[in-house]
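What follows is a short report on a single structure.
Residue numbers (our numbering): 124 to 516.
What follows is the structure in C-alpha cells.
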C-alpha cells in the first residue's frame with residue numbers, strides 16, 4: 124500500500140486512465156492490469172473514480188483484447204465492492220457488459236464478472252436489472268461446470284439474486300433445482316452449505332418449495348443437519364424452515380426422522396445454531412400433530428432455556444416456537460408445567476420492545492380461566508409500548 128499510495132500521489136492513476144481511454148489494445152490491457160492492482164488501495168479507488176476510470180474499464184470489457192477484458196473485469200470486480208463505485212459501474216453500462224462476460228471467455232474472467240455482479244446485486248433494483256440482462260442461465264452453467272472458484276462466485280451471486288421473488292422463480296425455471304440438489308448430494312462441505320443457503324432462499328417462493336421437495340432435497344438437508352459444520356447445520360435448518368411453510372414438506376421432514384437432529388441443534392452451545400433450530404421448529408409446529416411430536420421429543424425445556432439465556436434473536440425465535448406450540452391445548456399444558464408462564468412473565472421486565480411484545484402475545488395464548496383474575500397490563504420499561512399481558516403468579 125505504501126508504493127500504491129506514493130504512485131497515486133504522483134499522478135499515476137490519471138495517467139493510467141488516459142492510457143485506458145486512448146491507448147492501443149495492448150496498452151489498454153496493461154493499464155487495466157495496473158489499475159486492477161491499484162483497486163486494492165482505498166485512496167487509489169477514489170482517484171480512479173475521479174479520473175473517469177470506471178467508464179473506461181467498462182469500455183475495455185466490451186472492446187478490448189482478451190487479456191484486456193479479463194484485467195478490466197478483475198478491476199471492476201474489486202471496485203464493485205465499494206458503495207460509490209457500484210452506481211458508477213451501473214451508470215456506465217457495467218451490468219450488460221459483465222453479463223456478456225458470463226457467456227464467454229475463460230473461467231477466470233467469468234469468475235470476476237460473477238464476483239462483480241454479486242456486489243452490484245446488493246441493491247434490489249440491480250437484482251432485477253441483472254436478471255433481465257440474462258445473468259441467470261450462465262450463472263447456473265458456471266455452477267454446474269465451472270472451476271471451484273467459479274462455482275463459489277456463481278452460487279453466491281444466485282443466492283443474492285434469489286432474494287427477489289421473480290428472480291427466484293426464474294432460477295428454478297432455468298433449471299436451477301438439479302445443480303443445487305447435486306451439490307447438496309456430492310459437494311464438499313463448503314459446497315453443501317452454500318447449496319443449502321441458496322435452497323433456503325429459493326424456498327421463500329411458494330412453488331419452489333413444492334418442486335425442491337419433489338426433487339428429494341429434504342433427506343439431503345437432514346443429512347447436513349446431522350453431520351455438517353455448524354454453518355452447514357444452520358443453513359440446513361433455515362432451508363427446512365422455509366420449506367416447511369408447505370405443510371406437506373413439514374410432514375415429510377418429521378416422517379424422515381428430522382426432529383432428532385433439530386433437537387440436537389437446539390441443544391448446541393452455539394447461539395446461532397440454537398436460534399436457527401428454534402426458527403425451524405416454529406414453522407414445523409404450525410401442523411397440529413407435529414406440535415405433539417415436537418413437544419414429546421423434549422423441545423419445550425430447550426426453548427424456555429433459550430428464552431432465558433439466548434440473545435434477543437434467539438429469544439425471539441424461541442418465543443415464536445412457543446407461541447405456535449401453545450395453539451394446541453395439550454402442548455399448552457406441557458408448556459405451563461415446564462414453567463413457561465413464569466419465563467415469559469420475566470421477559471416483560473427486560474429486553475427490547477420486540478421481545479417484550481412477543482412475550483406478551485405468547486402469554487395471552489397460555490392464559491387459561493385459572494389465571495384470568497390475575498391479568499395485569501404491563502408497560503415496557505424502556506419504550507412507549509404497552510398492552511402486553513403480565514400474570515401475577
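Don't be surprised by glycine CBs; every beta carbon is placed ideally from N, CA and C. Note that this is a predicted model, so its numbers are computed, not measured.
- Secondary structure at residue 173: helix, using DSSP grouped into helix, strand and coil.
- Counting along the chain, the unbroken alpha helix (DSSP H) around residue 247 starts and ends at 247-255.
- Taking C-beta separations shorter than 7 Å and ignoring five residues to either side along the sequence, the partners of residue 302 in its chain run 263, 266, 267, following chain order.
- For residue 307 and residue 252, the gap between their C-alpha atoms comes out near 29 Å.
- Excluding five sequence positions before and after residue 333, the CB atoms of its chain that fall closer than 7 Å to its own CB belong to 369, given in chain order.
- For a cut-off of 8 Å, the C-beta gap from residue 304 to residue 339 is around 7 Å, short enough to register as a contact.
- The way I'd put it, the stretch 409-418 does touch the stretch 374-382; three or more beta-carbon pairs between them come closer than 8 Å.
- If you ignore the 5 residues before and after residue 241, its C-beta comes within less than 7 Å of the C-beta of 276, 279, 280, 283, all in its own chain and listed in chain order.
- Using a Cβ distance threshold of 8 Å, residue 356 and residue 403 do not count as a contacting pair.
- Collapsing the DSSP output to three states places residue 390 in coil.
- When C-beta atoms of the stretch 184-193 are compared with those of the stretch 215-231, three or more pairs fall below 8 Å, so the two segments count as touching.
- Between residue 458 and residue 445, the beta carbon gap of about 6 Å places them in contact (Cβ cut-off 8 Å).
- With contacts defined by Cβ atoms closer than 8 Å, residue 190 and residue 152 form a contacting pair.
- Shown here, residue 313 sits in a helix according to DSSP, grouped into three states.
- Within 10 angstroms of the beta-carbon of residue 337 lie fewer than 16 other beta-carbons, which makes it exposed.
- In this model, residue 377 and residue 180 are separated by some 53 Å (Cα to Cα).
- If you ignore the 5 residues before and after residue 201, its C-beta comes within less than 6 Å of the C-beta of 162, all in its own chain and listed in chain order.
- Excluding residues up to 5 positions away in sequence, 455, 458, 485, 488, 489 lie with their Cβ nearer than 7 Å to the Cβ of residue 449 in the same chain.
- Short of 6 Å from the beta carbon of residue 159, and not among the five residues preceding or following it, lie these beta carbons of its own chain, in chain order: 194, 197, 198.
- Residue environment: residue 226 is assigned as exposed (fewer than 16 neighbouring CB atoms within 10 Å of its CB, all protein chains considered).
- Taking the Cα of residue 234 as reference, the smallest distance to any Cα among 361, 258, 177, 272 is reached at 272.
- Under the 10 Å beta carbon count, residue 164 is surrounded by 16 or more other beta carbons and is classified as buried.
- The DSSP-derived three-state label of residue 226 is helix.
- CA-to-CA, the gap between residue 211 and residue 156 works out to about 20 Å.
- By the neighbour-count criterion, in which a residue is buried when 16 or more other Cβ atoms sit within 10 angstroms of its Cβ, residue 149 is exposed.
- Between residue 464 and residue 430, the beta carbon gap of about 12 Å keeps them out of contact (Cβ cut-off 8 Å).
- Per the coordinates, the alpha-carbon of residue 387 lies some 23 Å from the alpha-carbon of residue 311.
- With 16 or more neighbouring CB atoms inside 10 Å of its own CB, residue 314 falls in the buried class.
- Comparing alpha carbon positions, the residue from 140, 205, 295, 397 closest to residue 358 is 397.
- If one requires a minimum length of 4 residues, the alpha helix (DSSP H) runs lying completely within the stretch 394-432 are 394-407, 411-419, 422-432, in chain order.
- Counting the other CB atoms within 10 Å of its CB gives residue 176 a total of 16 or more, which places it among the buried residues.
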